[in-house]
Amino acid sequence: MQQLYVFGTGNAQAIHCYNTCFALRADEDYFLVDAGGGNGILRILQEMAVPLNRIHHLFVSHAHTDHVLGVIWIIRTIAQAMKKKQYEGKLHVYCHAELAEQLHTLCQITFPTKKLYRLLDDRIVFSVVEDGESKKILGHRVTFFDLGSTKRKQFGFQVRLREGGRLCFGGDEPLQKRNWRYAEGADWLLHEAFCCYADRERFQPYEKNHSTAKDACELAHSLQVKHLVLWHTEDNDLPHRKEKYGAERGEYRGVLHIPDDGEILPLSQGRQKDLSDHMECDKIENRTIFAKTKEV
């Protein structure tokens, strides 16, 4: 995996940016992670020049609407492309067992024809993942782990990057101590930050089992993470989000990324940074493909 494609950065209630979802690119192929809460994901893929016929691996973390409804549009659109012979091979969908059943049901009641639905388990294959289980995806070892959520059952993962690097995706809840081993010393940690600590009384992140930017930075500092990506945020002041969230880095001396929708982060630079230097956020030359999404 050489690049991180940021499709959306907002939480469930965000309307000025798309819900948090992304892809890891390896050569010309993509490992898609969640898909937001609607068919806006199809426009985003088009605008970021990500062809659907290069997506053969899709991970769905949990069944909340802002993560799973876009998945239905992805599966449906790929199924239609399969019928038109515009998509070769299979689509592998990774998720926990309960979620696999729920996705089956959603596809059954929303697909326009039975012919499309019959592609499920034939060319659209659900691969159930267990806590601690590893799979080879696009030539990389991906280890899935249960977040231990008290809400919907939710999984994250760790992926081994090229040249020995590691990336950890912690889902959209605080990374619990039971899973710190996946992020400790990692080159990249992708972590939710519902709001700034300074705004905690306004947005009440702890009541929703979420973190603030300050909390995430403190965790990244304690785990000696080289690059921290903050997203799954509120969207009340997007023009100043980078500045406001970046101000809560505290003692964290790694590279802090607070991306906008449409940015591409080069993961290959992760192992070239020295944590002894104080690095300002967003110093890597990120590339923004399109303007911020105005609505979901």
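Under the numbering used here, the first residue of the sequence shown carries the number 2, and numbering increases by one thereafter.
Where a beta carbon is used, it is the ideal one built from N, C-alpha and C, also for glycine.
Predicted, not measured: the structure shown is a model, and the values here were computed from it.
Assigned secondary structure, residue i (DSSP; H/G/I helix, E/B strand, else coil)
i, result
"Y95", "strand"
"I42", "helix"
"G271", "At G271, the pLDDT of 46 sits below 50, so the modelled position is not reliable; the number obtained from the coordinates is stated separately. Helix."
"E249", "coil"
"I56", "strand"
"Q3", "coil"
"E264", "strand"
"R254", "coil"
"D35", "coil"
"T78", "helix"
"G71", "helix"
"T106", "helix"
"F8", "strand"
"A101", "helix"
"T21", "coil"
Buried versus exposed call for residue i [16 or more other C-beta atoms within 10 Å across all chains shown]
i, result
"V126", "exposed"
"Y95", "buried"
"R242", "buried"
"T10", "buried"
"N180", "buried"
"A50", "exposed"
"K178", "exposed"
"R182", "exposed"
"E249", "buried"
"D238", "exposed"
Spatially closest choice to residue i from the options, by CA coordinates
i, options, result
"D123", "H105, Q177, S135", "H105"
"S150", "H211, A199, H68, I45", "H211"
"H228", "H141, A214, G255", "G255"
"L70", "L220, C22, R163", "C22"
"D28", "Q4, K86, L121, D261", "Q4"
"L53", "Y207, Y88, T144, T111", "Y88"
"R77", "E235, V34, P113, L162", "P113"
"D132", "H17, H97, Q47, E164", "H97"
"K136", "F60, K115, K85", "F60"
"K116", "A217, G171, V129, K84", "K84"
"C18", "L257, E244, A80, H233", "H233"
"I79", "H65, T66, L46, H68", "L46"
"F145", "E164, L139, F170, L107", "F170"
Whole-Å CB distance - residue i paired with residue j, under 8 Å assumed
i, j, result
"H57", "L100", "With a Cβ gap of about 19 Å, H57 and L100 do not count as contacting."
"A36", "V7", "Incorrect: roughly 13 Å between the Cβ atoms, too far for contact."
"Q225", "E185", "7 Å"
"V160", "L25", "7 Å"
CB contact below 8 Å: residue i versus chain D
i, result
"L190", "Among the protein chains of the structure shown there is no chain D, as only one such chain exists."
(message) Quick check on the DSSP output: what are the complete alpha helix (DSSP H) runs of length 4 or more inside the region 111-155, in order along the chain?
(response) 115-118
(request) For the region 144-231, list the alpha helix (DSSP H) runs that are entirely contained and at least 4 residues long, ordered along the chain. (result) 181-184, 201-204, 214-223
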